[in-house]
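Below you'll find the structure, written out as C-alpha cells, and then a few comments.
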Amino acid sequence: MAKMIDGKRAAAAVIETVKAAASRLEQTKGVRTGLAVVIVGDDPASHTYVGAKGRMAKECGFNSVQHTLPAETTQDELTKLVQSLNEDPSIHGILVQLPLPKHLNSDAIIQSIRPDKDVDGLHVVNAGKLATGDLTTGLISCTPAGAMLLVRSIHGEDLSGLNAVVIGRSNLFGKPMAQLLLNANATVTTAHSRTKNLSSVARGADILVAAVGRPEMVKANWIKPGATVIDVGISRIAAPERGEGKSRLVGDVAYGEVLQNAGAITPVPGGVGPMTIAMLMANTVVAAHRTCGMILPEF
Ligand code: GUN
Numbered sequence: 289m290a291k292m293i294d295g296k297r298a299a300a301a302v303i304e305t306v307k308a309a310a311s312r313l314e315q316t317k318g319v320r321t322g323l324a325v326v327i328v329g330d331d332p333a334s335h336t337y338v339g340a341k342g343r344m345a346k347e348c349g350f351n352s353v354q355h356t357l358p359a360e361t362t363q364d365e366l367t368k369l370v371q372s373l374n375e376d377p378s379i380h381g382i383l384v385q386l387p388l389p390k391h392l393n394s395d396a397i398i399q400s401i402r403p404d405k406d407v408d409g410l411h412v413v414n415a416g417k418l419a420t421g422d423l424t425t426g427l428i429s430c431t432p433a434g435a436m437l438l439v440r441s442i443h444g445e446d447l448s449g450l451n452a453v454v455i456g457r458s459n460l461f462g463k464p465m466a467q468l469l470l471n472a473n474a475t476v477t478t479a480h481s482r483t484k485n486l487s488s489v490a491r492g493a494d495i496l497v498a499a500v501g502r503p504e505m506v507k508a509n510w511i512k513p514g515a516t517v518i519d520v521g522i523s524r525i526a527a528p529e530r531g532e533g534k535s536r537l538v539g540d541v542a543y544g545e546v547l548q549n550a551g552a553i554t555p556v557p558g559g560v561g562p563m564t565i566a567m568l569m570a571n572t573v574v575a576a577h578r579t580c581g582m583i584l585p586e587f
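316 is the number that the numbering used here gives to position 28 of the sequence shown; each next residue is one higher, with no gaps.
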C-alpha cells in the first residue's frame with residue numbers, strides 16, 4: 289500500500305515560510321509584497337482559481353490586486369495593463385490567468401511581462417534559465433516547482449540513478465518538470481500523446497509524473513512496484529453513486545488501484561493542487577526580496 293503524499297501539509301509549510309518572509313520584509317525594509325492577478329472573460333473555473341490565489345495572497349499579508357477584464361478586451365488594452373503593472377513599484381508579481389479568450393495572443397502577453405515579475409515562470413528568460421540549469425536567479429513555473437517539492441519529500445535532493453517519466457510536454461508543466469528532474473540528476477523521459485507503448489514507458493519509471501488531463505488514464509499495470517506517482521491532472525467526472533447529478537474530482541491516475549502497488553502517491557484533490565498556489569506565493573515573496581537585495585527565503 290502506497291504512502292499518501294500530503295500536498296495540503298506541504299503547501300501549509302511553504303505558506304508559513306512565505307508569511308514569515310513577507311512580514312520580515314515589511315518590518316525591515318517597509319516593503320509590502322504585491323501580487324497582481326489579471327483575468328479576462330468569465331470562465332468559471334478560471335475565476336475559482338483566481339479567487340483562491342487572491343485570498344491566499346491576502347492571507348500571506350500581501351498587497352493583493354485583481355484586475356477583472358471583460359471577454360471583449362483587446363490585445364492593446366491588455367498589453368497596456370501589463371505595461372502599467374510592469375512599471376508599478378508596489379507590484380512584485382504579475383500573473384495573467386490562462387487560457388485567455390481566443391482572439392487574444394497569449395504568448396505576446398506573457399512575453400510582455402517583466403521577467404523579474406513573471407511569477408508564473410513562463411517568460412522565455414525564466415524558461416531559458418531553468419533549461420540551462422540556473423535554478424537560482426529566475427522564477428520557476430509554480431506547478432512543477434510544487435510537484436518537485438513533493439518529489440524531494442520522498443527522494444531527497446539527489447535523484448541520481450532514478451528513472452523519471454513525465455507524461456505531458458506543455459510549456460506550463462511538462463517541459464519545466466522534466467528540466468527540474470534532470471537538474472536533480474534523474475534520468476528523464478518526456479512522454480506524450482504520440483509516444484508508442486506509453487504504458488510500458490511508464491512502467492520503467494521510479495518517479496512517474498502524469499499531466500495529461502485525461503481522467504484516471506494511468507492504471508495499476510502502468511506502475512513499477514514501489515514507484516512514486518505524482519498526479520497533476522484534475523478533472524470533474526460524473527459520480528452517480530453519490531446521487532443524481534453529483535460529480536467528483538479525479539486526477540490522471542486511477543488512484544484506488546494504483547495505491548496498491550505504488551510506493552508513494554499524491555491524491556486528487558489535496559496533492560499537487562495546493563502546491564501550485566503555495567509556490568505562486570513563494571515566487572512572489574522571492575521577487576519582492578530581490579528588489580531590495582535581501583537574502584532569499586528557501587523552499
Ligand atoms: N491556468 C491554469 N494553470 C495556470 C497557471 O499555473 N498559471 C496561469 N497563468 N494560468 C493557469
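For glycine and all other residues, C-beta sits at the position ideal for the given N, C-alpha and C.
Asked	Found
Separation of L357 from T475, as counted between CA atoms	43 angstroms
Whole-angstrom C-beta distance between G426 and A566, which should lie under 8 angstroms	18 angstroms between Cβ atoms; not a contact.
Any non-hydrogen atom of the ligand GUN within 8 angstroms of P555 CB	no
Expected contact under 8 angstroms - CB spacing of R457 and T431 to nearest Å	That belief does not hold up - the Cβ atoms of R457 and T431 are roughly 14 angstroms apart, past 8 angstroms.
V538 beta carbon near the ligand GUN (any heavy atom closer than 8 angstroms)	no
Straight-line gap, V515 to M465 (C-alpha atoms, nearest Å)	Reading the sequence as shown, one finds Ala at residue 515 and not Val. About 17 angstroms.
Whole-angstrom distance between Q385 and A542, CA atom to CA atom	29 angstroms
Counted within 10 angstroms of its Cβ, other Cβ atoms place K512 as buried (16 or more) or exposed	buried
Contact the region 361-369 vs the region 301-309: 3+ CB pairs below 8 angstroms	no
Closest residue to H355 among G339, A490, E347 (Cα-Cα distance)	G339
Under 9 angstroms between C-beta atoms of V489 and V506	no
Cβ pair count under 8 angstroms reaching 3, the region 437-452 against the region 394-402	no
Spatial distance of N451 from G409 (CA atoms)	25 angstroms
CB contact flag (T572, G381, <9 angstroms)	yes
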